[in-house]
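Reviewing the structure listed below.
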Amino acid sequence: MLRFLFLAALIYGLIQLWRFFHNIQKYSQPKVSPPRLTGRMVKDEICQTYLSEEDALKEKVGGKIYYFCSEACRRSFLEAKKKPKN
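Under this note's numbering, the first residue of the sequence shown is numbered -4, with each subsequent residue one higher.
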């Protein structure tokens, strides 16, 4: 009977030791949080899409800031600004 109690205590101790080290590994890893955005959305002047201000490419023309989703949209906008209006 004493052997059974000793074996049960040993198994219980090993399980608790495994849970302890398992929890250390689980909680010691840094938590990955989603990127925090300000929530301000801006409109691309060429393709008319909305995107966050943090992700947008910015171009200042004539004192006004324009926002673009890609370099291609930015180039198209600048080329259109250079062309004379008929």
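Don't be surprised by glycine CBs; every beta carbon is placed ideally from N, CA and C.
Here the structure is a predicted model, which is why all the values come from computation and not from measurement.
Given a cut-off of 9 angstroms on the beta-carbon distance, is the pair residue 62 and residue 53 in contact?
One-based indexing of the sequence shown puts residue 62 at position 67. One-based indexing of the sequence shown puts residue 53 at position 58. Closer than 9 angstroms, so yes.
Proximity of residue 68 and residue 39 at Cβ, strictly below 9 angstroms
Sequence index remark: in the sequence shown, residue 68 carries index 73 (1-based). Sequence index remark: in the sequence shown, residue 39 carries index 44 (1-based). Their beta carbons are under 9 angstroms apart, which means residue 68 touches residue 39 by this criterion.
DSSP on residue 71, reduced to helix/strand/coil? To locate residue 71, count along the sequence shown from 1; it is residue 76. Helix, per DSSP.
| request: Sort 48, 41 and 65 by Cα distance to residue 76 and report the nearest one. | output: Translated into the one-based positions of the sequence shown, residue 76 becomes position 81. Sorting 48, 41 and 65 by C-alpha distance to the C-alpha of residue 76 places 41 at the top.
_Judging by CA-CA distance, which residue of 43, 74 and 24 is the nearest neighbour of residue 56?_
Residue 56 sits at position 61 when you count from the first residue of the sequence shown. Distances from the alpha-carbon of residue 56 to those of 43, 74 and 24 put 74 closest.
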